[in-house]
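Right, one structure below, let's go through it.
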Amino acid sequence: ILYSLFYEMDLSIEAVFVSSVNLGKACIQVYDVETGSCLKSYRGDSVSPNTLCMIGSDEYIICGQKDKPLLQAWKLNENETLQMRLSVPGKVNVLAVSQAEDKYCAVGIKEKIYFYHFTTGHQFGIISGHYQDITCLKFTSCGNYLASGGEDGFVYLWSRFHVIEPLHRFENPQIQPHFVLGQHSDKVTGIDISGPGIRGILISSSLDHSCKVFDLVTGHLRYNIVSECALTSCVVNSIGSQVFVGGKQGKVWGVNLLPHSSVQTIQVEGKGAACHESSLHYLVLSPSGNSLITGSVNGEAKVWSVTLSHKKNIFSNPSLALQSTLLTGRGAITNLITRQINSKVLSASTIECKTILSPFLITPNPSSVLKSRQMIYLNNKKEENINIQELYCLATDMFYKKIGTEKVTPTTKKQEKAEIEEENVTELLASTEKLKKSNEQLYKFCLNIF
């Protein structure tokens, strides 16, 4: 057992998935963070910026096609795209994929967010809370919350329950955010989330020279990091102790947040690390947190070793040392993500995928998902045009229907009490069995819908 465990650890690598404006025949390349060597290339159409994501663990990669209302996907071990049409309502600005067990994605198109379930292909929700184009989307690790930022400067946190809940109504009201976290005075350029689920922090960078740090539990602003130049990217480590921000001058600043300071506004000190000569658009930390990967407009992608500073000043910058250069001079970097994967998967002839991908079905209204299932069998009866309210009423209605229609004859109190108890026991046993069957059918029905 120990041998197999160490063998699997040896096969695990930290990989960087990169796309740029000009990669030749390849549109995406994979690099090893530690060695800087190219591991694999994927062929397909040009990739839209801020749309490259991974589905599941060692299964698929997916992205938007540049200037087209389409997504394209690859199995991790295959060079060519899947022969599947993933159509969306417009050109994709940004894409985010939930890494929870139930796989779905959020597609930012202009000022709206569209939600799609990968297994069914159904569009199960639309959010239209922003006033201008959406620039950033990020799911929490649990997949139950989505953060969004736009050119209007607003940063919202949306609950998945609030997106699905209007499907249970006949009316379709405007979906309200879980939190309105804050508003920058200029375009939001980056969002990142740390910690498990909703119990972490969210950071957002903006062209207004600031990076805001929010508490996801309360929705309150914890820190406001202010820089000397416009910030174009940001990233936070997994425990929320260190934040890196990148600016238009190609510099990177690191801010230590632990131990917590009572000062809410943090002025970035020092000149910062000069990582690139042009604007820095992408900052990502490796899964271990030991390496920082940067991507710039001039086509450079570099790996930097991170050394933590233990000075008393909690705002001192960590030192960065150049580890390797992945790309140079191939056009602006358009996507940059990291993931810990099994190296054997990239060269495997076949892989087993737990997630099933289906062609996307564009529906004009989220409620049409329910209308697509207009006939089901419940309690051995055919029910047409059934709605959610009727489904939930069936479970309680079957018990009360008989009691409500029976006539009660005058009897003594003792006889009446004994008869009621005897009838209740018999009916409760019978209704329990019926409820079990109904709940099983209701569960299967909901699985088909969502």
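Using our numbering, read the sequence shown as starting at 1245 and increasing by one per residue. Every residue, glycine too, gets a C-beta built ideally from N, C-alpha and C.
Query, Result
"Please list, in chain order, all residues of the same chain as residue 1378 whose beta carbon is under 7 angstroms from its beta carbon, the five residues on each side excluded.", "1337, 1338, 1352, 1355, 1357, 1392 and 1394"
"Three-state secondary structure (DSSP) at residue 1408?", "helix"
"Suppose you measure from the CA of residue 1461 to the CA of residue 1385; what does that come to, to the nearest Å?", "14 angstroms"
"Buried or exposed: where does residue 1565 fall if 16 or more other Cβ atoms within 10 Å of its Cβ makes it buried?", "exposed"
"Could you name the residues of the same chain whose beta carbon sits closer than 6 angstroms to that of residue 1480, not counting the 5 residues immediately before and after it, in chain order?", "1436, 1438, 1447 and 1487"
"If I measure Cβ to Cβ from residue 1302 and keep anything under 6 angstroms in the same chain, skipping five residues before and after, which residues do I get?", "1320, 1585, 1586 and 1589"
"In angstroms, rounded to a whole number, what distance separates the CA positions of residue 1613 and residue 1530?", "Caution is warranted here: a pLDDT of 41 is assigned to residue 1613, below 50, making its placement in the model unreliable, and the coordinate value is therefore given only provisionally. Roughly 39 angstroms separates the two Cα atoms."
"Given residue 1317, which residues of its chain have a CB within under 6 angstroms of its CB, disregarding the five upstream and five downstream residues?", "1304, 1306 and 1326"
"What does DSSP give as the partner residues of residue 1551 in its beta bridges?", "1563"
"Leaving out five residues before and five after residue 1445 in sequence, what residues of the same chain have Cβ atoms less than 7 angstroms from its Cβ?", "1438, 1439, 1457, 1458, 1459, 1460, 1466, 1480 and 1484"
"Identify, in the order they occur along the chain, each residue of the same chain with its Cβ nearer than 7 angstroms to the Cβ of residue 1573, setting aside the five sequence neighbours on each side.", "1543"
"Give me the DSSP bridge partner(s) of residue 1455.", "1449 and 1469"
"Can you tell me which of the three DSSP states residue 1312 falls into?", "coil"
"Measure the alpha-carbon distance for residue 1686 versus residue 1679 and round it to whole angstroms.", "10 angstroms"
"Return the first residue and the last residue of the alpha helix (DSSP H) that residue 1589 is part of.", "1587 to 1591"
"From the DSSP output, in three-state form, read off residue 1681 for me.", "helix"
"If you run the structure through DSSP and keep just helix, strand and coil, what is residue 1546?", "strand"
"If we require 3 or more residues per run, which beta strand (DSSP E) segments fall completely within the stretch 1342 to 1425?", "1348 to 1353, 1356 to 1361, 1367 to 1371, 1378 to 1383, 1389 to 1394 and 1398 to 1403"
"From residue 1406 to residue 1423, what distance separates their C-alpha atoms?", "12 angstroms"
"Is residue 1496 closer than 8 angstroms to residue 1538 when the C-beta atoms are compared?", "yes"
"Between the C-alpha atoms of residue 1380 and residue 1349, what's the straight-line distance to the nearest angstrom?", "13 angstroms"
"Residue 1429 and residue 1463: beta carbons closer than 8 angstroms?", "no"
"Rounded to whole angstroms, what's the CA-CA distance from residue 1257 to residue 1276? Just pull it up for me.", "7 angstroms"
"According to DSSP, is residue 1669 part of a helix, a strand, or is it coil?", "helix"
"Candidates 1547, 1592, 1591 and 1576: which alpha carbon is nearest residue 1570's?", "1547"
"Take residue 1521 and list the residues in its own chain whose beta-carbon comes closer than 6 angstroms to its own, dropping the five residues that flank it on each side.", "1494"
"Using the C-alpha atoms, what's the distance from residue 1274 back to residue 1259?", "6 angstroms"
"Quick check on the burial criterion: 16 or more other C-beta atoms within 10 angstroms. Buried or exposed for residue 1364?", "buried"
"Is residue 1651 helix, strand or coil when you go by DSSP?", "The predicted model places residue 1651 with a pLDDT of 43, which falls under 50 and marks its position as unreliable, so this point remains unresolved."
"Would residue 1368 and residue 1599 qualify as a contact pair, given that the criterion is a beta-carbon distance under 8 angstroms?", "no"
"Determine the DSSP secondary structure at residue 1688, reduced to helix, strand or coil.", "helix"
"Straight-line CA distance for residue 1389 to residue 1344?", "11 angstroms"
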